[in-house]
Amino acid sequence: MAGNRAVVYVGPGKVEVRDIDYPDLVLRDGPGVNKLNVGRKCEHGVILKVVTTNICGSDQHMVRGRTTAPSGLVLGHEITGEVVEVGRDVEFIKKGDLVSVPFNIACGRCRSCKEQNTHICENVNPDRPGSAYGYVDMGGWVGGQSEYVMVPYADFQLLKFPDKDQAMEKIRDLTMLSDIFPTGYHGAVSAGVKTGSTVYVAGAGPVGLAAAHSAQLLGASVVIVGDLNEERLGQARSFGCETVNLSLHDNLGEQIEQILGVPEVDCAIDCVGFEAHGHGPNHGEAPATVLNSIMQVTRAGGRLGIPGLYVTGDPGAIDEDAKIGSLKIRIGLGWAKAHTFVTGQTPVMQYHRQLMNSILSGKAQIAKAVNATVISLDEAPRAYSEFDRGVARKFVIDPHGVLK
Ligand SMILES: NC(=O)c1ccc[n+]([C@@H]2O[C@H](COP(=O)([O-])OP(=O)(O)OC[C@H]3O[C@@H](n4cnc5c(N)ncnc54)[C@H](O)[C@@H]3O)[C@@H](O)[C@H]2O)c1
Ligand SMILES: [Zn+2]
Ligand SMILES: [Zn+2]
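Each position in the sequence shown, counted from 1, maps to that position plus 371 in this note's numbering.
Okay, structure coming up:
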């Protein structure tokens, strides 16, 4: 039997590549596996040889020690792979298929899944609706920053690429379908972006850049990206966005007025989440900053797309309230402006097929927008620390060295 190697969370600031078990079609006990999920049979699943698997800002929350992730957790929820084994109950996915895996795990059988809300599947995580591979409090499904991984509910979940050769040519783009491209797009759709919209995107990490590119695809007239990281803002300018450096300016509305002539946008997207920094020089962490500033700069009646992650437990939070996810949000302002808030994980399956078509037709240029950078599995620990320092890159792990 083949071996298996994976990126493992060791402790705050530390990840390692370790030998782990080759997967089989059952969820076995291990670090982070929910007791009620131990022994769960997955004859509806497949084993994938991982072709690409990306490092995400969501992984960084765990690696920074900002969650209760246990040592030994196998990381990785952004997975693209080739099917090497199919379970007894898989009917339509075949050995050899090249597929994108939605980062949410969804059964296809519960009320949420039947309503296409696969981000809050009721059957995959005993703790709460919603699940993901390689993530704290998400049921314990083994992560895919590895050579091989098991994916349950294969017929329902997997997006098969129509032509393998064509897909391998665009694999740096297609690898973004497992999470950040649908996530950025969902942020833009839920913010109500349409032809001519003016849009503010908070955060120029990979999700923010994906949201900015998505807003362009949806026809926005102006996309303004804010961050405190000048290198990442340069990346946003490289594909036509306006930018605001929030480490230099503490009044976002004034900066938007300089660009648009008015201090408000039609739509705003939070691509930062709970580790947000305050605006202006000498900023420290201030977790409600983005939520409050997008209420300030979005016009009355506007919609706020909030893919940025907020948690119910944060051991490293700045105060006792924030440790349980209670933030100082000026809800009175949002109420007065009749804002709509859209939060939560992205229902990837609502978008991934259409976005695949946009990639294959050449219309979407997501790899270029996020500066996709291919690395080996052994380079992953270094990439984690570079990403943590804020390089303007989206790291794509190629565990078998198959990308040229
Ligand atoms: N909803 C979902 O399904 C989903 C999916 C993927 C990622 N996420 C979340 O999206 C967020 C972004 O992901 P990423 O990979 O781009 O992370 P990232 O950490 O690379 O990027 C976050 C960026 O926000 C910037 N930032 C900090 N404070 C800011 C502020 N006040 N205003 C503007 N920018 C600020 C940081 O400098 C950084 O560049 C994370 O919270 C991640 O967990 C959610
Ligand atoms: Zn992700
Ligand atoms: Zn379900």
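The C-beta atom is built at its ideal place from N, Cα and C for all residues, glycine as well.
Burial state of residue i, where buried means 16 or more other Cβ atoms lie within 10 Å
{"i": "A707", "result": "exposed"}
{"i": "S664", "result": "buried"}
{"i": "S549", "result": "buried"}
{"i": "T831", "result": "The first residue shown for the chain is 372 and the last is 775, placing residue 831 beyond what the model contains."}
{"i": "N728", "result": "exposed"}
{"i": "D508", "result": "buried"}
{"i": "D796", "result": "Any question about residue 796 goes unanswered here, given that the chain covers just 372 to 775."}
{"i": "A693", "result": "buried"}
{"i": "N653", "result": "exposed"}
{"i": "F532", "result": "buried"}
{"i": "I768", "result": "buried"}
{"i": "E540", "result": "exposed"}
{"i": "I689", "result": "exposed"}
{"i": "Q528", "result": "buried"}
Segment limits, beta strand (DSSP E) that includes residue i
{"i": "E449", "result": "449 to 457"}
{"i": "T683", "result": "Run containing T683: none; DSSP gives neither H nor E here."}
{"i": "M547", "result": "Here M547 belongs to no beta strand (DSSP E), and DSSP marks it neither H nor E."}
{"i": "G719", "result": "The amino acid at residue 719 is misidentified as Gly; the sequence shows Val. Taken as a continuous stretch (DSSP letters only), V719 belongs to no beta strand (DSSP E), as it is neither H nor E."}
{"i": "L419", "result": "417 to 425"}
{"i": "M521", "result": "519 to 522"}
{"i": "A639", "result": "636 to 641"}
Which of helix, strand or coil DSSP assigns to residue i
{"i": "N488", "result": "coil"}
{"i": "R674", "result": "strand"}
{"i": "D468", "result": "coil"}
{"i": "F765", "result": "Looking at the sequence provided, one finds Lys at residue 765 rather than Phe. Three-state DSSP puts K765 in a strand."}
{"i": "E648", "result": "Per the sequence shown, the amino acid found at residue 648 is His instead of Glu. Strand at H648."}
{"i": "L529", "result": "coil"}
{"i": "V615", "result": "strand"}
{"i": "G597", "result": "strand"}
{"i": "D534", "result": "coil"}
{"i": "A575", "result": "coil"}
{"i": "I730", "result": "helix"}
{"i": "V397", "result": "strand"}
{"i": "V495", "result": "coil"}
{"i": "I700", "result": "coil"}
{"i": "E540", "result": "helix"}
{"i": "G656", "result": "Sequence inspection shows Glu at residue 656; the Gly mentioned does not correspond to that position. DSSP places E656 in strand when its eight states are reduced to three."}
{"i": "A440", "result": "coil"}
Beta-carbon proximity of residue i to residue j, cut-off 8 Å
{"i": "V522", "j": "L419", "result": "yes"}
{"i": "T566", "j": "G605", "result": "no"}
{"i": "C478", "j": "Y506", "result": "no"}
{"i": "Q516", "j": "L446", "result": "yes"}
{"i": "E384", "j": "E414", "result": "Rather than Glu, the amino acid found at residue 384 in this sequence is Gly. Their beta carbons are not under 8 Å apart, which means G384 does not touch E414 by this criterion."}
{"i": "T717", "j": "G696", "result": "no"}
{"i": "V455", "j": "I476", "result": "no"}
{"i": "P678", "j": "T546", "result": "no"}
{"i": "V643", "j": "V661", "result": "yes"}
{"i": "G319", "j": "F712", "result": "Given a span of 372 to 775 for the chain in the structure shown, any question on residue 319 remains unanswerable."}
{"i": "H650", "j": "L675", "result": "no"}
{"i": "T451", "j": "P770", "result": "no"}
{"i": "P648", "j": "E635", "result": "The residue you asked about is not Pro; residue 648 is His in the sequence shown. Not closer than 8 Å, so no."}
{"i": "A559", "j": "S585", "result": "yes"}
{"i": "V378", "j": "A671", "result": "no"}
{"i": "I426", "j": "F758", "result": "yes"}
{"i": "R608", "j": "G761", "result": "no"}
{"i": "V386", "j": "Y393", "result": "no"}
{"i": "P577", "j": "G715", "result": "no"}
{"i": "E486", "j": "L469", "result": "no"}
{"i": "Y755", "j": "Y556", "result": "no"}
Residue i, enclosing alpha helix (DSSP H) - first and last residue
{"i": "I551", "result": "551 to 561"}
{"i": "S664", "result": "660 to 668"}
{"i": "K739", "result": "737 to 741"}
{"i": "R760", "result": "751 to 760"}
{"i": "A693", "result": "691 to 694"}
{"i": "I627", "result": "623 to 631"}
{"i": "H477", "result": "One point to set straight first is that residue 477 is Ala, not His, in the sequence displayed. A477 -> no alpha helix (DSSP H), and no H or E assigned at all."}
{"i": "I391", "result": "No alpha helix (DSSP H) contains I391, which DSSP labels as neither H nor E."}
{"i": "G382", "result": "Taken as a continuous stretch (DSSP letters only), G382 belongs to no alpha helix (DSSP H), being part of the beta strand (DSSP E) at 376 to 382."}
{"i": "Q431", "result": "428 to 434"}
For residue i, the nearest candidate out of the options (CA to CA)
{"i": "V409", "options": "V417, L398, G416, R701", "result": "L398"}
{"i": "P402", "options": "E601, S442, A688, R437", "result": "S442"}
{"i": "T669", "options": "D637, Y393, A738", "result": "D637"}
{"i": "K765", "options": "A738, D749, G772", "result": "A738"}
{"i": "M658", "options": "E540, T614, F645, L726", "result": "Position check: residue 658 holds Pro in this sequence, whereas Met was assumed. Nearest option by C-alpha distance: F645."}
{"i": "L774", "options": "G761, D395, V745, A763", "result": "V745"}
{"i": "S568", "options": "G655, V388, L631, C481", "result": "L631"}
{"i": "V404", "options": "R543, A503, M539, I700", "result": "A503"}
{"i": "I542", "options": "R499, A743, L748", "result": "A743"}
{"i": "L530", "options": "R482, K465, A575, A573", "result": "K465"}
{"i": "N622", "options": "V578, A582, D598, V422", "result": "D598"}
{"i": "Y681", "options": "G563, G374, I700", "result": "I700"}
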